[in-house]
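> Got a structure here, written out as structure tokens. Questions coming.
Protein chains: 2
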Amino acid sequence: MSDLPVRQGSLREHNLGLVLRQVASAPRPPSRADIAAATSLTRATVSALVDDLITGRLLAEVDPAPRAGAGRPAAGLVLAANGPAGLGLEINIDYLAACVVDLAGAVRHHRVRRADQRPRRPDEVLGELAELAATARDRAEREGVEVAGAAVAVPGLVAAGGLVRLAPNLGWRDVDVPARLGLDGLTVTVDNEANLAALGELHTGPPGPTSFLYVSGEIGIGAGIVLNGALYRGARGWSGELGHVAVRPDGPTCRCGAQGCLEQYAGQEAILRAAGTADTEELMRRAEDGDPATHEALTNAGTALGVAVAGVVNVLDLDTVVLGGVYAPLSSWLCPPVEAEVERRVLTAAWSPVGVRRSLLGADAASVGAAGAVVREIRDHPARWLSRALLP
Amino acid sequence: MSDLPVRQGSLREHNLGLVLRQVASAPRPPSRADIAAATSLTRATVSALVDDLITGRLLAEVDPAPRAGAGRPAAGLVLAANGPAGLGLEINIDYLAACVVDLAGAVRHHRVRRADQRPRRPDEVLGELAELAATARDRAEREGVEVAGAAVAVPGLVAAGGLVRLAPNLGWRDVDVPARLGLDGLTVTVDNEANLAALGELHTGPPGPTSFLYVSGEIGIGAGIVLNGALYRGARGWSGELGHVAVRPDGPTCRCGAQGCLEQYAGQEAILRAAGTADTEELMRRAEDGDPATHEALTNAGTALGVAVAGVVNVLDLDTVVLGGVYAPLSSWLCPPVEAEVERRVLTAAWSPVGVRRSLLGADAASVGAAGAVVREIRDHPARWLSRALLP
DNA sequence: GGCAAATAATTCAACCGTTGAACAAATCAG
DNA sequence: CTGATTTGTTCAACGGTTGAATTATTTGCC
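Which chain is which? The protein sequence lines are A and B, in order.
Counting in the working numbering, the first sequence runs from 1012 upward without gaps.
Counting in the working numbering, the second sequence runs from 1012 upward without gaps.
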């Protein structure tokens, strides 16, 4: 219940977004008349709105598709490929990533630099990330797309203004990411890695479920929660701490101080320890070779994960669970036990099944999701972009 | 992202609601000028909107409050006490209830009829509830308020259209409540008891937290989830099954088939069994007398509840937990162990505390919340009511 | 007691965005 | 070439908000 007054201009803002989303979700380039029919706006209104969107470089006309029957050929409308684009950045334990996604959702640039970030100081890390960002922006603008904003994915808790309150596995505390990145003139938002990955998953591929849990397995275990097509961030923005849900209340003590946290059973380190190896690549190989000890370790982790996930699904009534991060490549072994626990423990599972599947985007989910979040913001509120785009 | 077109009339609809909510949330009757200042609408616009709302019997003018200084006295605006009202009904294991709440939120009528509903057939129960509803409606209309709709609180899972899919403790399955109630001409909605109680809690007293978990302890344990001031119902409307969250994955078998569900540790029957009594009144007496066995039973139940609640808070980042149902009168003994577990297990609790408190409305939460939900619907979408009110 | 100042509410022309109908543009079928 | 058909634009009308001017009603002061 947004308690803001609504003036005449708000009509325009809303309907601009409506038309834009209509183009975005259409299976083939729609005509102005198609949009009018789909939205129940008038053709006159749609024409006026489309004119604004074309001059604002958000839409473009394409050659008329060959039509059957009589009538003037329709001009197809598509999201502009040379309009504004989003810059997505990711800081993770063992790599940095940058990518550019255009308004149509295409990944125009993507680069990952692998290195353990834990021994480095925040300034070093952010300096290198700024370099990655600069080259990504440069490449993109040489292709004719203008980077309109940036989003940074971080494995930690983020407070208002982009302050990283705590990133335990990086050893960061109270780091002001936007200030130290220094991307001049670009608005920079910072968000939890699981949140942005969940958004990436939400907007990738054909329209899927609009309420789901994205579980991001890394050193810690985070979760992004999408409810009714919108990311839920929590009362203070710190939702998704799935790794510290209790699986056994009197289990081993976690580094957070509590006992029996999920992280102690299904965190990356716990799985490696149980499987008797120190390397995820090696774990994958052993699992593929059918090593029994590895399979047992993965089944136990999946069972613990399933207990925690079932609790969340019981409370939130979600129909889909997506496994991402390091869980994605391991999903063949993790999904079955997770599914079994969910099936057993979710009250409503009997008559409405809960799907458990691996992430579609895999390791790129967070950076692509971050860039996608920037363009999605423009797509949902085109008026802001239009008023800014007309100044220069 | 509501994908509906916005026409001129939508402006009016939104701004009517805006003005109405402004009056509702003001500490004292505001003038038209006050509303204009608060909403940044023009005084001219506010006047026009208020005129519509007064002729629609949603607002009323009161005598000007004595003002300091010069100037024409302002006419105060209040929510109409003789306008539309909501009828709230509740079916619970051991009582039926009906109440009427007017637009201003005042409880104009309230009646509870205690009797064990478990041995009775749904038709009998709904027949008696219809009687209660009829007298409530009669009383209300004799006072000059028009009952505009009804909402029914049920301890079970409700599907679209008011079909009670499953109410395990009543022994109901697939009962079409609106059809069998037969309140002619009244739109009847049905919802889970915990959901409506959570709404009641949200709108009672001074504006409180907008994201919280309402825990309803009865024979089963349900939860109503309020996120950002709105009830979250889940992907299919079956959220809040807190009672079947696993506390100990290998604990005793629950009647749902799974093991170690919270209900087995903190359900009403489990508490009574552990305390060695069969009656809640007796339990209360023993607790107040300081009986050690009773205290231990309550502490153990509170600890189990705390483990489950901490998991939910970790995932959803809520700042408040409200204990309702039978937990409300027991809250003196339940809150401390719940708080202790939340403090220990919620990662962010260290720097942003989570409040645990008893329900303000107590046993009336669900019926009052149901009636409140009806008037809230009118308050949030006054245009619908206005267009209907002008017909007769 | 009368008058100026102050505040509340209403009136009215102007403006903005959508509507609906009329019209121009572009193609196909015969 | 002509009529049918569909797309897209133009334009007067309409609904809703704005802002300034006007009316209404009180207090304070001489």
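Beta carbons: idealized from backbone N, C-alpha and C, even for Gly.
Going by C-alpha to C-alpha distance, which of SER1021(B), LEU1015(B), PRO1016(B) and ASP1014(B) sits closest to VAL1017(A)?
Stepping through the first sequence from its first residue, residue 1017(A) is reached at position 6. Taking only the C-alpha atoms, the option nearest VAL1017(A) is SER1021(B).
> Using a Cβ cut-off of 9 Å, pull out every chain B residue sitting near LEU1022(A), in sequence order please.
One-based indexing of the first sequence puts residue 1022(A) at position 11. Per Cβ cutoff of 9 Å: VAL1017, ARG1018, GLN1019, SER1021 and LEU1022.
> Leaving aside the five residues before and after GLU1445(A) along the sequence, list all residues of the same chain whose C-beta is less than 6 Å from its C-beta, in chain order.
No statement about residue 1445(A) is possible, as the shown extent of chain A runs from 1012 to 1403 and does not include it.
> Applying a beta-carbon distance threshold of less than 8 Å, which residues of chain B neighbour ASN1325(A)?
Counting from 1 along the first sequence, the entry for residue 1325(A) is found at position 314. GLU1252, LEU1253, HIS1255 and VAL1256, listed in chain order.
> What residues of chain A sit near HIS1025(B), judged by a beta carbon separation below 8 Å?
Residue 1025(B) sits at position 14 when you count from the first residue of the second sequence. Within 8 Å Cβ-Cβ: VAL1017.
> Measure from the alpha carbon of ALA1381(A) to the alpha carbon of each residue in GLY1155(A), GLU1157(A) and ALA1209(A), then state which is nearest.
For the purposes of this step, residue 1381(A) is identified with residue 370 of the first sequence, where counting begins at 1. The shortest CA-to-CA distance from ALA1381(A) to any of GLY1155(A), GLU1157(A) and ALA1209(A) is the one to ALA1209(A).
> Can you find a C-beta in chain B that's less than 8 Å from the C-beta of PRO1403(A)?
Taking the first residue of the first sequence as 1, we reach residue 1403(A) at position 392. At PRO1403(A) the pLDDT is 47, less than 50, meaning the model places this residue with poor confidence; the figure from the coordinates comes in the next sentence. By this cut-off, PRO1403(A) is not an interface position.
> With DSSP as the reference, please indicate the residues paired to GLY1233(A) in a beta bridge.
Here residue 1233(A) corresponds to residue number 222 of the first sequence, with the count starting at 1. Answer by DSSP bridge pairing, in chain order: SER1227(A).
> Closer than 6 Å by C-beta to GLY1167(B): which residues in its own chain qualify, once you throw out the five before and the five after it? Chain order, please.
In the second sequence, counting from the first residue as 1, residue 1167(B) sits at position 156. Closer than 6 Å at Cβ, skipping near neighbours: VAL1175, LEU1177 and ALA1178.
> Taking the alpha-carbon positions, what's the ALA1454(A) to ALA1055(A) distance?
For chain A, the structure presents residues 1012 to 1403; residue 1454(A) sits outside this window and is missing.
> Would you decide whether GLY1307(B) is buried or exposed? Buried here means 16 or more other CB atoms lie within 10 Å of its CB.
The residue given as residue 1307(B) occupies position 296 in the second sequence. Strictly speaking, residue 1307(B) in this sequence is Glu, with Gly absent from that position. Exposed, by the Cβ-count rule.
> Residues of chain A with CB under 8 Å from THR1359(B), in chain order?
Translated into the one-based positions of the second sequence, residue 1359(B) becomes position 348. Near THR1359(B) (Cβ distances below 8 Å), the residues of chain A are LEU1168, ARG1247, TRP1249 and GLU1252.
> Just mark THR1288(B) as buried or exposed, buried being the case when its beta carbon has 16 or more other beta carbons within 10 Å.
Along the second sequence, read from residue 1 onward, the residue named residue 1288(B) stands at position 277. When all chains shown are included, THR1288(B) counts as buried.
> Straight-line CA distance for PRO1403(B) to ALA1170(B)?
Your numbering for residue 1403(B) matches position 392 in the second sequence. Your numbering for residue 1170(B) matches position 159 in the second sequence. Low confidence applies to PRO1403(B): its pLDDT is 47, below 50, so where it sits in the model is not reliable enough to give any reading.
> When you compare only the Cα positions, how much space is there between PRO1364(A) and VAL1201(B)?
Your numbering for residue 1364(A) matches position 353 in the first sequence. Your numbering for residue 1201(B) matches position 190 in the second sequence. Cα to Cα, the separation comes out at about 24 Å.
> To the nearest angstrom, report how far apart LEU1197(B) and TRP1183(A) are at their CA atoms.
As a working mapping, residue 1197(B) is identified with position 186 in the second sequence. As a working mapping, residue 1183(A) is identified with position 172 in the first sequence. If you take the alpha carbons of LEU1197(B) and TRP1183(A), they lie about 58 Å apart.
> Tell me, please, which residues DSSP counts as bridged to ILE1065(B).
Indexing the second sequence from 1 puts residue 1065(B) at position 54. Paired residue(s): none; ILE1065(B) is not in a bridge.
> Less than 8 Å between the C-beta atoms of VAL1332(B) and VAL1320(B), yes or no?
Translated into the one-based positions of the second sequence, residue 1332(B) becomes position 321. Translated into the one-based positions of the second sequence, residue 1320(B) becomes position 309. With respect to VAL1320(B), VAL1332(B) sits close: the two C-beta atoms are nearer than 8 Å.
> Out of PRO1095(B), ALA1086(B), LEU1060(B) and ASP1328(B), which has the shortest C-alpha to C-alpha gap to ALA1246(A)?
Here residue 1246(A) corresponds to residue number 235 of the first sequence, with the count starting at 1. Here the closest residue by C-alpha is ASP1328(B).
> For LEU1273(B), which of GLU1135(A), VAL1357(A) and VAL1073(A) has the nearest alpha-carbon?
For the purposes of this step, residue 1273(B) is identified with residue 262 of the second sequence, where counting begins at 1. For the residues GLU1135(A), VAL1357(A) and VAL1073(A), the minimum Cα distance to LEU1273(B) belongs to VAL1357(A).
> Closer than 8 Å by beta-carbon distance: list the chain B residues that pair up with SER1042(A), in chain order.
In the first sequence, the residue the question calls residue 1042(A) occupies position 31. Neighbours of SER1042(A) on chain B: none; closest Cβ ~17 Å, over 8 Å.
> In three-state terms, what does DSSP make of PRO1403(B)?
To locate residue 1403(B), count along the second sequence from 1; it is residue 392. Because the pLDDT at PRO1403(B) is just 47, under 50, the model does not fix this residue reliably, and the point stays unresolved.
> Going along the chain, which residues of its own chain have a beta-carbon closer than 7 Å to the beta-carbon of ARG1148(A), five neighbours each way excluded?
Residue 1148(A) sits at position 137 when you count from the first residue of the first sequence. Excluding residues within five positions, the ones whose Cβ falls inside 7 Å are LEU1098 and VAL1158.
> Quick one: which chain B residues come within Cβ less than 8 Å of ARG1259(A)?
Here residue 1259(A) is taken as the residue at index 248 of the first sequence, counted from 1. Under the 8 Å cutoff, chain B gives ARG1259 and PRO1260.
> Output the residue ranges of the beta strand (DSSP E) runs that lie fully inside the region 1313 to 1348 of chain B and measure 3 residues or longer, sorted by chain position.
1331 to 1336
> Counting pairs of beta carbons, one from the region 1376 to 1391 of chain A and one from the region 1080 to 1099 of chain A, are three or more of them closer than 8 Å?
yes
> So, helix, strand or coil for ILE985(B), using DSSP?
Because chain B is modelled from 1012 through 1403, residue 985(B) falls outside the range shown and cannot be assessed.
> Would you mind telling me which residues of chain A sit closer than 7 Å to ASP1014(B), beta carbon to beta carbon, in chain order?
Position 3 of the second sequence holds residue 1014(B). In chain order: LEU1029 and ARG1032.
> Give every residue of the same chain whose Cβ lies closer than 7 Å to the Cβ of GLU1354(A), excluding the five residues on either side of it in the sequence, and list them in chain order.
Reading the first sequence from its first residue, position 343 is the one you call residue 1354(A). Closer than 7 Å at Cβ, skipping near neighbours: ALA1360.
> Which of the three DSSP states is assigned to HIS988(B) in this structure?
What is shown of chain B runs 1012 to 1403, which leaves residue 988(B) out entirely.
> Would THR1050(A) count as contacting chain B if we go by Cβ distances under 8 Å?
Along the first sequence, read from residue 1 onward, the residue named residue 1050(A) stands at position 39. Yes, contact with chain B.
> Checking 8 Å against the spacing of the C-beta atoms, do LEU1345(A) and ALA1312(A) come in under that value?
Reading the first sequence from its first residue, position 334 is the one you call residue 1345(A). Reading the first sequence from its first residue, position 301 is the one you call residue 1312(A). A contact, by the Cβ cut-off of 8 Å.
> DSSP has GLN1270(A) in a bridge; who is on the other side?
Indexing the first sequence from 1 puts residue 1270(A) at position 259. Its beta-bridge partners are THR1264(A).
> Just mark ARG1266(A) as buried or exposed, buried being the case when its beta carbon has 16 or more other beta carbons within 10 Å.
Stepping through the first sequence from its first residue, residue 1266(A) is reached at position 255. Exposed.
> Show which residues of chain B have a CB atom less than 7 Å away from the CB atom of LEU1329(A).
Taking the first sequence and counting its residues from 1, the one referred to as residue 1329(A) is at position 318. Under the 7 Å cutoff, chain B gives ALA1246.
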